[in-house]
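Residue numbers (the UniProt record's numbering): 1 to 253. Glycine included, C-beta positions come from ideal geometry on N, C-alpha and C. The structure appears below as structure tokens.
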Amino acid sequence: MVSWCLKVLHMIWWKPKIVEKQLREQGIYGLPYRLWHGNTKEMMKLSKETGSKPLGLSHDILPRLDPFLHKMALTYNNILVSWYGTNPRVAIMDPKLIREILTNKSGDFLKLEITSLGKLFVTGLASYDGNKWAKHRKIINPAFHIDKLKQMFPAFSTCCDEMIEKWDKLAGATGSCELDVSLEFHNLSGDVISRAGFGSSFEEGMRIFLLQKEQAQLFLLSVYKIRNLPLLSGSATSYIHSLTANIATPVFH
Numbered sequence: 001m002v003s004w005c006l007k008v009l010h011m012i013w014w015k016p017k018i019v020e021k022q023l024r025e026q027g028i029y030g031l032p033y034r035l036w037h038g039n040t041k042e043m044m045k046l047s048k049e050t051g052s053k054p055l056g057l058s059h060d061i062l063p064r065l066d067p068f069l070h071k072m073a074l075t076y077n078n079i080l081v082s083w084y085g086t087n088p089r090v091a092i093m094d095p096k097l098i099r100e101i102l103t104n105k106s107g108d109f110l111k112l113e114i115t116s117l118g119k120l121f122v123t124g125l126a127s128y129d130g131n132k133w134a135k136h137r138k139i140i141n142p143a144f145h146i147d148k149l150k151q152m153f154p155a156f157s158t159c160c161d162e163m164i165e166k167w168d169k170l171a172g173a174t175g176s177c178e179l180d181v182s183l184e185f186h187n188l189s190g191d192v193i194s195r196a197g198f199g200s201s202f203e204e205g206m207r208i209f210l211l212q213k214e215q216a217q218l219f220l221l222s223v224y225k226i227r228n229l230p231l232l233s234g235s236a237t238s239y240i241h242s243l244t245a246n247i248a249t250p251v252f253h
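See the structure below:
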């Protein structure tokens with residue numbers, strides 16, 4: 001029992017604090033590590049506060065898109081660290097340093113280990129490393145060739161025409177109406193992906209899109225919960241994941 005407690009204490013406190021000290025010795029600063037949750041509470045609080053305010057007419061989207069990173073960058077300049085649970089994440093804002101890192105072939109940057117709930121969202125190429133990543137990238141590359149993308153233009157055009165027609169009907173005789181444009185474009189994205197990816201079975205694609213949206217909402221309910229605890233929301237996300245797999249499998253085989 002004592003051994004188990006020491007292992008847990010090492011994982012959730014000693015190890016993060018050691019890493020934090022090592023980063024500071026290299027000149028990388030940020031908010032201090034907080035037990036278990038790291039800085040996620042601050043991130044969620046700041047995102048909620050920012051989202052409750054109207055968006056200004058500006059191309060400077062970072063304060064809205066990632067208010068936590070924006071605030072940290074103003075305080076800690078071009079290199080900073082934040083904590084997602086017990087995992088540190090170093091953010092680099094200096095373009096020259098970013099270019100140097102991306103062109104450096106001396107080693108690989110391995111991805112973080114994906115949790116059991118995370119695997120319901122992050123799969124495929126985004127979760128692979130090394131030779132497996134190279135193999136799957138080679139497989140999917142042809143799908144993004146310019147000729148393939150041109151074949152999708154009719155689907156894109158159809159989706160846009162339908163959305164504009166819907167807006168015209170909503171405007172009606174008055175010639176104007178109020179719309180949540182963010183939601184409309186979110187639905188447009190789902191429609192485009194469904195038609196381009198599923199063809200004549202695009203209704204099944206939209207069903208997957210809606211199920212995954214619900215899955216993401218359930219996942220957010222578990223963001224502060226213990227990772228391996230059998231939660232109702234965790235069971236629900238797993239069930240939705242199996243539903244989407246059952247829908248997609250016959251379409252792509």
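DSSP-derived helix/strand/coil call for Ser82: strand
Between which two residues does the alpha helix (DSSP H) carrying Pro16 extend? Lys15 to Glu25
Roughly how far, in whole angstroms, is the beta-carbon of Tyr33 from the beta-carbon of Trp83, given that I think they are within contact range, below 8 angstroms? 5 angstroms
Whole angstroms are fine: how far does the CA of Val8 sit from the CA of Gly197? 45 angstroms
Answer yes or no: do Lys135 and Pro142 have a C-beta to C-beta separation smaller than 8 angstroms? no
What are the boundary residues of the beta strand (DSSP E) that includes Pro88? Asn87 to Ile92
DSSP three-state assignment for Gly51, whether helix, strand or coil: helix
Can you say whether Asp191 is buried or exposed, counting buried as having 16 or more other CB atoms within 10 angstroms of its CB? buried
From this set, Gln215, Leu97 and Ile193, which residue's C-alpha is nearest Thr158's C-alpha? Ile193
Buried or exposed for Pro230, going by 16 or more other Cβ atoms inside 10 Å? Interpretation of Pro230 is limited by its pLDDT of 43, a score under 50 that renders its predicted location unreliable; the figure taken from the coordinates is listed afterwards. Classification of Pro230: exposed, given that the 10 Å Cβ count is below 16.
Output yes or no for whether 8 angstroms exceeds the beta carbon distance between Val42 and Leu31. Rather than Val, the amino acid found at residue 42 in this sequence is Glu. Contact flag set, yes.
Asp147 lies in the alpha helix (DSSP H); which residues open and close that run? Ile146 to Gln151
Going by CA-CA distance only, name the one from Ala91, Ala173, Ile139 and Cys5 that's closest to Tyr76. Ala91
On the three-state DSSP scale, how would you describe Tyr33? coil
Residue burial classification, Phe68 (beta-carbon count within 10 angstroms, cutoff 16): buried
Backbone secondary structure at Lys111 - three-state DSSP: coil
Under 8 angstroms, do Asp94 and Asn78 count as touching if we go by C-beta distance? yes
Going straight from the alpha carbon of Ala173 to that of Trp167, what length do you get? 12 angstroms
Could you name the residues of the same chain whose beta carbon sits closer than 7 angstroms to that of Ala171, not counting the 5 residues immediately before and after it, in chain order? Cys177
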